[in-house]
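J.: Quick one: the structure is below, questions incoming.
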Amino acid sequence: LEACKHSAYANLIRYVIAKMIYIPHTGIQEYQDGVPKIPTACITVEDAEMMSRMASRGNRIVIHLKMGARNYPDADSFNTVAEIIGSKYPEQVVLVSGHLDSWDVGQGAMDDGGGAFISWEALSLIKDLGHLTMKEKKLPSGGWRLFKNKACRIIWSLSCIKDVRTRKSWLRPKRTLRLVLWTAEEQGGIGAFQYYQLHKANISNYSLVMESDLGTFLPSGLQFTGSEKARAIMEEIMNLLRPINITQVFEAGEGTDINFWIQAGVPGASLLDDLYKYFSFHHSHGDTMTVMDPKQMNVAAAVWAVVSYVVADMEEMLPRS
Numbered sequence: 003l004e005a006c007k008h009s010a011y012a013n014l015i016r017y018v019i020a021k022m023i024y025i026p027h028t029g030i031q032e033y034q035d036g037v038p039k040i041p042t043a044c045i046t047v048e049d050a051e052m053m054s055r056m057a058s059r060g061n062r063i064v065i066h067l068k069m070g071a072r073n074y075p076d077a078d079s080f081n082t083v084a085e086i087i088g089s090k091y092p093e094q095v096v097l098v099s100g101h102l103d104s105w106d107v108g109q110g111a112m113d114d115g116g117g118a119f120i121s122w123e124a125l126s127l128i129k130d131l132g133h134l135t136m137k138e139k140k141l142p143s144g145g146w147r148l149f150k151n152k153a154c155r156i157i158w159s160l161s162c163i164k165d166v167r168t169r170k171s172w173l174r175p176k177r178t179l180r181l182v183l184w185t186a187e188e189q190g191g192i193g194a195f196q197y198y199q200l201h202k203a204n205i206s207n208y209s210l211v212m213e214s215d216l217g218t219f220l221p222s223g224l225q226f227t228g229s230e231k232a233r234a235i236m237e238e239i240m241n242l243l244r245p246i247n248i249t250q251v252f253e254a255g256e257g258t259d260i261n262f263w264i265q266a267g268v269p270g271a272s273l274l275d276d277l278y279k280y281f282s283f284h285h286s287h288g289d290t291m292t293v294m295d296p297k298q299m300n301v302a303a304a305v306w307a308v309v310s311y312v313v314a315d316m317e318e319m320l321p322r323s
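Residue numbers (this note's numbering): 3 to 323.
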């Protein structure tokens with residue numbers, strides 16, 4: 003928009019990370035009515051710095067753009083939803099989420115395959131642990147890889163307060179735990195907006211909305227937006243993760259897909275990890291499976307499971323402003 007105001011023919015954006023290895027990133031370009039729609043492209047850090055040096059020497063820079071980006075007609079796509087129904091307050095919801103779509107460069111393994119998978123794994127882990135007995139102390143087939151993780155032992159310790167003789171699924175939380183894997187996030191949060199429109203009438207029943215869309219590297223804590231009382235509760239919950247040194251609660255829990263809820267007053271949380279590493283691969287050809295570390299993803303999934311389960315199993319909903 004600012005470039006158009008100055009009669010620019012095109013808009014070039016330097017890649018957002020400080021240092022890179024000659025890789026640009028991609029992203030969405032939004033236009034406004036009444037403003038010329040000029041092309042926009044990202045250039046590498048190296049090319050941006052080279053042109054900066056040339057300009058500082060007084061050189062005239064001529065750039066030829068050859069771009070293959072295009073918009074295709076809209077098509078139907080769908081959010082994916084799964085849930086564990088609450089045992090006492092099934093109408094109340096703790097929502098965990100990531101998005102399914104990605105850009106055409108790379109594989110989308112980090113953005114946001116990792117966030118989608120740890121959200122799925124959080125519910126899967128809680129469901130699997132819900133069918134254990136205290137005598138067995140073993141996971142169903144395929145679950146041992148997560149149980150070996152220290153953070154998952156915290157899930158186990160939390161579950162020990164349940165009496166298996168009186169509850170068939172003794173890790174089932176009081177509130178419904180709902181997983182939503184959003185569609186069309188990269189196109190402006192279309193799937194999340196549609197979900198909000200369909201469910202905003204029940205907004206008073208949403209205790210917490212959670213989104214993982216900043217990578218699934220070793221977490222340092224959570225970003226959280228909510229009232230002071232809710233923040234104090236979240237800090238106590240994060241203290242459960244002190245054995246693995248993931249206890250911090252930072253400001254700004256907003257995310258593209260949960261902002262609708264947060265702006266309406268629902269507490270929101272996002273997983274926080276190494277943002278420098280995240281933006282080193284963000285929206286680029288480098289976003290592949292090679293970026294992902296299974297052990298770090300296990301820790302991220304355990305953190306996601308602990309937080310979502312404890313909030314869903316509290317007697318009261320998180321207080322709002």
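Note that CB positions come from ideal geometry on N, CA and C, so glycine has one too.
Every value quoted in this text rests on a predicted model; they were computed, and no experiment measured them.
Buried or exposed: Y198, going by 16 or more other Cβ atoms within 10 Å of its Cβ?
T.: Position 196 of the sequence shown, counting from 1, holds the residue named residue 198. The residue in question, Y198, is buried, as its Cβ has 16 or more Cβ neighbours within 10 Å.
J.: Is M212 helix, strand or coil when you go by DSSP?
T.: Indexing the sequence shown from 1 puts residue 212 at position 210. In this structure, M212 counts as strand in the three-state DSSP scheme.
J.: Kindly indicate which residue of Q109, G270, V312 and V96 has the alpha-carbon position closest to the one of L173.
T.: As a position in the sequence shown, residue 173 is number 171, starting the count at 1. Minimum Cα distance to L173 is reached at V312.
J.: Can the beta-carbon of R305 be found closer than 8 Å to that of I264?
T.: Translated into positions along the sequence shown, residue 305 becomes position 303. Translated into positions along the sequence shown, residue 264 becomes position 262. According to the sequence provided, residue 305 is Val. The question's Arg does not apply to it. No. Outside cutoff.
J.: Excluding sequence positions up to five away, which residues of its chain have a Cβ less than 8 Å from the Cβ of S104?
T.: On the sequence shown, position 102 is the one that residue 104 refers to. Once the five neighbours on either side are set aside, the close Cβ partners of S104 are G110, D113, D114, G115, E188 and D289.
J.: Quick one: what's got a C-beta closer than 7 Å to K152's C-beta in the same chain, skipping five residues either side?
T.: Taking the sequence shown and counting its residues from 1, one reaches residue 152 at position 150. A caution first: K152 carries a pLDDT of 42, below 50, which makes its placement in the model unreliable, though a value can still be read off. Here the set comprises P245 and I246.
J.: On the three-pair Cβ rule with 8 Å, is the segment 4-12 touching the segment 86-100?
T.: no
J.: Distance check for E238 and D35, CA to CA, integer angstroms please.
T.: Residue mapping note: residue 35 aligns to position 33 of the sequence shown, counting from 1. Residue mapping note: residue 238 aligns to position 236 of the sequence shown, counting from 1. Near 48 Å, if we compare the C-alpha coordinates of E238 and D35.
J.: Skipping 5 residues on each side, what residues in its chain have a beta carbon closer than 7 Å to that of K170?
T.: Taking the first residue of the sequence shown as 1, we reach residue 170 at position 168. Low per-residue confidence applies at K170: pLDDT is 48, beneath 50, and the placement is therefore not dependable, though the value from the model is reported in the following sentence. Excluding sequence neighbours, K170 sits near nothing in its chain.
J.: For L127, name the three-state secondary structure that DSSP assigns.
T.: For the purposes of this step, residue 127 is taken as residue 125 along the sequence shown, with counting starting at 1. DSSP, reduced to helix, strand and coil, places L127 within a helical segment of the structure shown.
J.: As an exercise, report each continuous beta strand (DSSP E) stretch of at least 3 residues that is fully enclosed by the segment 191-270, in chain order.
T.: 208-213, 223-227 and 250-252
J.: In whole angstroms, what separates the C-alpha of A118 from that of G191?
T.: The sequence position of residue 118 within the sequence shown is 116, counting from 1. The sequence position of residue 191 within the sequence shown is 189, counting from 1. Computed Cα separation, rounded: 15 Å.
J.: Which residues mark the beginning and the end of the beta strand (DSSP E) in which P296 is found?
T.: Reading the sequence shown from its first residue, position 294 is the one you call residue 296. That residue, P296, is in no beta strand (DSSP E); its alpha helix (DSSP H) goes P296 to D315.
J.: Would T185 pass as a contact of V107 if the rule is Cβ separation under 8 Å?
T.: Here residue 185 refers to the residue found at position 183 when the sequence shown is read from its first residue. Here residue 107 refers to the residue found at position 105 when the sequence shown is read from its first residue. No.
J.: Taking the alpha carbon of Q250 as the reference point, which residue from G257, Q196 and M236 has its own alpha carbon closest?
T.: For the purposes of this step, residue 250 is taken as the residue at position 248 of the sequence shown. Distance check between Q250 and each of G257, Q196 and M236 places M236 closest, using alpha-carbon atoms only.
J.: If I follow the unbroken alpha helix (DSSP H) through S282, where does it start and stop?
T.: As a working note, residue 282 is residue 280 in the sequence shown. According to the DSSP assignment, S282 belongs to the alpha helix (DSSP H) that extends over L277 to F283.
J.: Between L216 and S272, which are expected to be in contact by the criterion C-beta below 8 Å, what is the C-beta distance as a whole number of angstroms?
T.: Your numbering for residue 216 matches position 214 in the sequence shown. Your numbering for residue 272 matches position 270 in the sequence shown. Yes, they are in contact, since the Cβ atoms of L216 and S272 sit about 6 Å apart, within 8 Å.
J.: Is it buried or exposed for I23, if we count other Cβ within 10 angstroms and need 16 for buried?
T.: Within the sequence shown, numbered from 1, the residue matching residue 23 stands at position 21. The residue in question, I23, is exposed, as its Cβ has fewer than 16 Cβ neighbours within 10 Å.
J.: Which of helix, strand or coil does DSSP assign to E318?
T.: Along the sequence shown, one-based indexing puts residue 318 at 316. DSSP places E318 in coil when its eight states are reduced to three.
J.: With V182 as the anchor, note down where its beta strand (DSSP E) starts and where it stops.
T.: The count along the sequence shown starts at 1 and reaches residue 182 at position 180. From DSSP, the beta strand (DSSP E) with V182 extends over R177 to W184.
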